[in-house]
Amino acid sequence: MRGKRKSERDEADLFRRSVGDVTPVRQDRIHPQTDKPAPIAAQRLADEAAVIKEMAEGFFDTEAAETGEELLYKTTGVQDKVFKKLRRGQFAVTAELDLHGYTVQHARDCLSDFLKQCATRNHRCVRVIHGKGLRSRQGRPTIKSRIGKWLQQRQEVLAYCSARQVDGGTGAIYVLLKNYQR
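Heads up, the final residue of the sequence shown is numbered 189 in our numbering, and it's a clean run with no missing numbers.
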């Protein structure tokens with residue numbers, strides 16, 4: 008026992024000699040000094056937030072559809088045979104939505120409500136008439152250029168394509184919805 012105490016004292020003395028004169032810290036909290044970040048203009052933040060919101064909602068036109076352009080989309084897992092059948096108009100259209108004359112926001116809201124109702128009623132194929140945009144104020148399609156992105160964001164949509172000429176051509180689309188009654 009006595010040997011341990013002597014070695015502990017030796018170690019303590021050795022430690023004090025190696026550390027030297029040290030003043031103990033009176034508090035145990037350290038307050039970091041940080042430089043304040045440069046102020047960012049409030050309007051710039053608001054503009055950036057608006058752009059991000061528009062991109063998330065699909066209003067941002069990265070690829071505006073031309074008036075005569077055909078719209079095509081299918082999710083992974085949709086067989087080519089099924090997509091061909093959709094493009095030929097061989098599915099029975101069980102519901103239809105006409106968006107002619109709607110504002111962009113109103114069209115988006117109506118499309119969202121329509122798709123929810125169709126999924127609830129287990130419609131398999133529906134037609135959405137968006138128009139070609141020939142008489143729009145901008146002189147280009149406003150709803151058509153956005154509807155593809157809107158539909159791709161919806162989980163109930165498996166595929167869509169422009170309708171046959173007799174069903175509206177490039178002014179309408181067939182939308183194939185998931186079958187929830189399996």
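All C-beta atoms, glycine included, are put in the ideal place defined by N, C-alpha and C.
Check                                                                                                                 : Outcome
Spatial distance of T110 from S152 (CA atoms)                                                                         : 13 Å
Closest residue to R171 among V100, G96 and L104 (Cα-Cα distance)                                                     : G96
Helix, strand or coil at A99 according to DSSP, with G and I counted as helix                                         : coil
Nearest-angstrom Cα separation, counted from G108 out to L93                                                          : 26 Å
Where the beta strand (DSSP E) through K151 begins and ends                                                           : It is not in any beta strand (DSSP E) - K151 instead sits in the alpha helix (DSSP H) that spans K151 to Q159.
Those residues which DSSP pairs with A166 across a bridge                                                             : K81 and L183
Burial state of R16 (16 or more Cβ within 10 Å)                                                                       : exposed
Where K139 falls, given that 16 or more other Cβ within 10 Å makes a residue buried                                   : buried
Integer Cβ distance of Y80 from N129, believed to fall under 8 Å                                                      : No, Y80 and N129 are not in contact; Cβ-Cβ is about 21 Å, not under 8 Å.
CB contact flag (C132, A99, <9 Å)                                                                                     : yes
G175 classed as buried or exposed, judged by whether at least 16 other C-beta atoms fall within 10 angstroms          : buried
L141 beta carbon less than 9 Å from that of Y167                                                                      : no
Alpha carbon of G65 to alpha carbon of I154, nearest angstrom                                                         : Summary for G65: the model assigns pLDDT 49, below 50, so the residue's position carries little reliability; its value from the coordinates is reported in the next sentence. So the two alpha carbons sit approximately 9 Å from each other.
Through-space distance from L21 to Q40, alpha-carbon basis                                                            : 36 Å
Helix, strand or coil at V111 [DSSP, three-state]                                                                     : helix
Residues bridged to L104 [DSSP beta-bridge criterion]                                                                 : V135
For T177, three-class secondary structure by DSSP                                                                     : helix
Residues of its chain near R161, where Cβ-Cβ distance is below 7 Å and the 5 sequence neighbours each way are ignored : L122
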